[in-house]
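Structure follows, in structure tokens:
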């Protein structure tokens, strides 16, 4: 066999025994593998994010709601004491009250027209939630309170401490004086 034929035969056997796939097939497989890997990572990240959002959403769900309020009318006897908290010494009125207490203890309360019936008194108020199923522990917003506006409006956006139990049975919400701790008004549960 002449050298040229030998070289030709050698090249032919080498290309048959070690076939290389075309470059295009490698890049398709590589692209498919990369796409599956990235898709898997994205799927796991979305699942983790949804789990965190679901947990956060549970904590931000309403525990109790209050719509409307009742001002205190002291009678001079102990029967105006609520859950161990004495009533204010004078008649107070409240035009409106709306409050949402979240499962994590967050409270958002809007009060309108909390006024001393015989005139206006400047005061700061805070909120206290009681739940019968935890022995009526006081779950209060910041005890320093928020100031009443001249027209008796106020807003509390705070976190109750300690956090109330879930569920909160027979809830009672009192609006209290930051000075004396006595209550001026009570929320009406929804």
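Residue numbers (my numbering): 870 to 1059.
Every residue gets a Cβ at the ideal spot worked out from N, C-alpha and C, and that includes glycine.
At which residues does the beta strand (DSSP E) containing residue i begin and terminate?
i	result
residue 1028	1023 to 1028
residue 1057	1052 to 1058
residue 1032	Per DSSP, residue 1032 belongs to no beta strand (DSSP E) and is neither H nor E.
residue 1046	1041 to 1046
residue 976	975 to 981
When we look at the beta-carbon of residue i and count the other beta-carbons within 10 Å, is it buried (16 or more) or exposed?
i	result
residue 999	buried
residue 944	exposed
residue 930	exposed
residue 935	buried
residue 1040	buried
residue 1012	exposed
Taking DSSP's pairing of strands, which residues face residue i in a bridge?
i	result
residue 933	970
residue 939	1055
Problem - At least three beta-carbon pairs within less than 8 Å, the segment 973 to 993 to the segment 1011 to 1024 - result: yes
Handout entry: Length-filtered (3 minimum) beta strand (DSSP E) runs lying within the segment 992 to 1023
Key = 993 to 999
Handout entry: Touching by the beta-carbon criterion (3+ pairs, under 8 Å), the segment 1026 to 1037 and the segment 952 to 967
Key = No, the segment 1026 to 1037 does not touch the segment 952 to 967.
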